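47 is the number that the numbering used here gives to position 45 of the sequence shown; each next residue is one higher, with no gaps.
Note that beta-carbon positions come from the ideal geometry of N, C-alpha and C, so glycine has one too.
Please read these numbers as outputs of a predicted model, since none were measured by experiment.
Taking it in order: structure first as structure tokens, then the write-up.
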Amino acid sequence: MRSLKAGTRLKSAACDTEVMVVRAVPAEVTLACGGAEMTAMDAQRAAGAAPDAALAGGTIVGKRYVDAADRFELLCTKAGKGTLTIDGQPLLVKQAKALPSSD
Numbered sequence: 003m004r005s006l007k008a009g010t011r012l013k014s015a016a017c018d019t020e021v022m023v024v025r026a027v028p029a030e031v032t033l034a035c036g037g038a039e040m041t042a043m044d045a046q047r048a049a050g051a052a053p054d055a056a057l058a059g060g061t062i063v064g065k066r067y068v069d070a071a072d073r074f075e076l077l078c079t080k081a082g083k084g085t086l087t088i089d090g091q092p093l094l095v096k097q098a099k100a101l102p103s104s105d
């Protein structure tokens, strides 16, 4: 468990996914990707590490991911095969806001 702060960069221990925290509330949470907890950018990934088959939905570079309560927002900076989760709940791709129509 860790407290996430805006600007923090993390990488998956199970796949190639890398993210940056865009928005976070002060709370201790477990951020994982592919079933393995996210690590600091300078940490080494274990040889043969792979995402859990049930959590292998993948991430898309450039997309923002949010939790259901919209407390946390992450930006994917490198795509991978794992699914991002916070405390076991999968994160959702943030939908773009509709622009107002021009007359």
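Residue i and residue j look like a contact to me (Cβ under 8 Å); what is the Cβ gap, rounded to whole Å?
{"i": "residue 15", "j": "residue 41", "result": "5 Å"}
{"i": "residue 36", "j": "residue 18", "result": "The Cβ separation is near 10 Å, so there is no contact."}
{"i": "residue 87", "j": "residue 93", "result": "6 Å"}
Spell out the partners DSSP gives residue i in its beta bridges.
{"i": "residue 78", "result": "21"}
{"i": "residue 97", "result": "DSSP lists no partner for residue 97."}
{"i": "residue 87", "result": "34, 92"}
Per DSSP, what kind of secondary structure is residue i in: helix, strand or coil?
{"i": "residue 13", "result": "strand"}
{"i": "residue 102", "result": "coil"}
{"i": "residue 27", "result": "coil"}
The region 48-60 / the region 68-75 touching (three or more Cβ pairs under 8 Å): As far as the Cβ criterion goes, the region 48-60 does not touch the region 68-75, which means the pair count is below three.
- request: Give, in chain order, every unbroken run of the beta strand (DSSP E) that is at least 3 residues long and sits entirely within the region 30-74.
  value: With a minimum length of 3 residues, the unbroken runs of beta strand (DSSP E) contained wholly in the region 30-74 fall at 33-35, 66-68.
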